[in-house]
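The next block holds one structure in the form of structure tokens; read it before the comments.
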Amino acid sequence: MPLFPCAPRGTNGDIYLYRRRGGADSLIPMKRIITLTMNPAIDVAYETDRVFHTRKMRTQQEHYDPGGGGINVARVIARLGGTARAYYLSGGATGCALDGLLDKHALVRFRIPIEGDTRISTSLHEKETGKEYRVVPRGPEVKAEEWQAALHHLDGPQADYLVASGSLPPGLPEDFYCRVCELGQRHGMRIVLDSSGDALRAAVRGGGLYLIKPSIGELRQLTGKALTEESEIAAAAREIVDSGKAEHVAVTMGHDGALLASRSGTWRLPAIPVEAKSAVGAGDSFLAAMVFALGCEQDPVEAFRLGIAAGTAAVLTPGTDLCQRADIERLLKLVPKPGDPQFM
């Protein structure tokens with residue numbers, strides 16, 4: 235079965251895949267995916283020769299993109315040839331601007347209106363040193379009736395995978411993602427989570443997750459352990475799987491690659507050496523590619539390989555841009571396969 239969809243869309247908008255069975259090709263629909271972004275942002279990226287305090291700094295290469303974990307995941311899935319319906323909160327004048335940016339990307343989406351202003355996240359690249367400065371607001375205060383509306387709109391058997399990604403804005407209970415998980419499970423959805431801090435801790439405590447994607451820093455915070463050795467990282471991820479809290483744990487480790495713990499085993503893949511331009515969106519690209527591959531009925535190890543390629547492709551793009559499919563396809567050839575010496 236090919237990694238990427240190669241069949242025409244159905245009249246209902248579904249993506250179809252060719253699958254060979256008994257010597258003949260048949261069409262099967264790609265799994266349905268929805269994403270949830272409770273704290274979206276307009277991602278703004280600038281470039282300047284040198285950063286000074288007080289003085290005005292003239293910038294070049296300005297980029298404006300719709301952002302937030304779930305929105306980024308949906309954007310990458312679309313670039314890979316799939317489709318995902320993005321649910322997100324949006325409010326104020328900046329919320330209208332976010333909607334306009336989403337129009338440009340032609341995402342299938344559902345806007346949940348709020349009173350507060352959608353946040354603006356800023357990234358500034360200093361050309362002289364290569365350093366990147368990022369300013370990320372907490373987000374607007376969300377009222378109880380607003381976040382409850384999000385749960386209401388998700389309450390239905392509408393997808394195979396529900397990807398909840400990103401931070402929680404002020405006003406939401408720390409167990410919000412637990413509630414999302416319980417809701418999704420009632421309708422047979424596999425819950426994928428990428429968050430941090432108390433929100434991640436509460437969700438893992440509640441269990442029932444299909445896949446979580448903490449960074450190494452987030453895993454350390456979750457476990458309260460230093461996790462300096464690879465064996466310690468693997469043991470911490472396996473403990474989450476063995477306890478039944480999540481079926482798969484994918485840990486991203488920057489220059490050290492990534493690790494995947496599943497019921498069937500634990501694997502680590504090295505990072506692909508490239509010249510990085512920006513780390514913005516690398517984790518979202520990694521997760522999106524994994525979910526996309528799973529939605530194409532690839533096994534978790536193949537999904538992990540595609541995640542490595544997509545995460546690496548993201549750092550090749552400047553500013554707030556995400557990975558490009560051509561880069562992913564090229565880099566995937568460099569990712570070790572099962573049986574290769576580097577596939578551990």
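Numbering (this note's numbering), first residue to last: 235 to 578. Backbone N, C-alpha and C define an ideal beta-carbon position, used for all residues, glycine too.
Inter-residue Cα distance where the pair is residue i and residue j
i, j, result
"Leu-396", "Val-285", "41 Å"
"Arg-420", "Arg-413", "11 Å"
"Gln-532", "Gly-316", "14 Å"
"Ala-384", "Thr-363", "43 Å"
"Ala-318", "Tyr-411", "19 Å"
"Thr-269", "Gly-390", "14 Å"
"Pro-236", "Ile-506", "Residue confidence is low: Pro-236 scores 49 on pLDDT, short of 50, so the model does not pin down where it sits. Its coordinate-derived value is still stated next. Answer to the nearest angstrom: the Cα atoms are 23 Å apart."
"Gln-576", "Asp-561", "21 Å"
"Thr-282", "Arg-289", "13 Å"
Option in the options with minimal Cα separation from residue i
i, options, result
"Val-483", "Thr-462, Gly-529, Ile-425, Ala-460", "Ile-425"
"Gln-309", "Ala-492, Cys-557, Arg-345, Asp-561", "The question names Gln, yet the displayed sequence has Arg at residue 309. Checked all of Ala-492, Cys-557, Arg-345, Asp-561; the closest Cα to Arg-309 is Cys-557."
"His-359", "Pro-300, Asn-306, Arg-292", "Arg-292"
"Ile-474", "Gly-440, Asp-333, Gly-573", "Gly-440"
"Arg-343", "Gly-304, Asn-273, Ala-436", "Gly-304"
"Tyr-367", "Ser-512, Gly-545, Phe-577", "Ser-512"
"Leu-336", "Leu-521, Ala-320, Gly-326, Pro-504", "Ala-320"
"Val-307", "Arg-435, Leu-453, Met-423, Leu-341", "Leu-341"
"Arg-497", "Met-264, Gly-478, Gly-442", "Gly-478"
"Tyr-280", "Pro-347, Lys-361, Glu-349", "Lys-361"
"Ala-398", "Val-376, Met-423, Glu-375", "Met-423"
Cut-off 6 Å between Cβ atoms - residues of its own chain near residue i, not counting five sequence neighbours on either side
i, result
"Leu-528", "Ala-537"
"Glu-563", "none"
"Asp-277", "Asp-299, Gly-301, Ser-355, Thr-554"
"Leu-445", "Val-426, His-482"
Same chain, Cβ closer than 7 Å to residue i, neighbours up to 5 away in sequence not counted
i, result
"Thr-457", "Ala-470"
"Phe-431", "The residue you asked about is not Phe; residue 431 is Gly in the sequence shown. If we look at Gly-431 and ignore the five residues flanking it on each side, its Cβ neighbours are Gln-455."
"Asp-333", "Ser-324, Arg-345"
"Ala-516", "Gly-545, Ala-548, Val-549"
Beta-carbon proximity list for residue i, same chain, < 8 Å, skipping 5 on both sides
i, result
"Thr-500", "Ala-468, Ala-471, Arg-472, Leu-493, Leu-494"
"Thr-328", "Ile-276, Asp-351, Thr-352, Arg-353, Ile-354"
"Arg-313", "Leu-556, Cys-557, Gln-558, Arg-559"
For the structure I just gave you, are there three or more beta carbon pairs, one from the segment 564-571 and one from the segment 535-546, closer than 8 Å?
yes
Looking at C-beta atoms only, is the number of pairs between the segment 390-406 and the segment 458-465 that lie closer than 8 Å three or more?
no
Length at least 3, wholly inside the segment 439-487: the beta strand (DSSP E) runs in chain order:
443-446, 480-486
At 3 residues or longer, what runs of the beta strand (DSSP E) sit wholly inside the segment 321-377?
343-347, 353-360, 366-369
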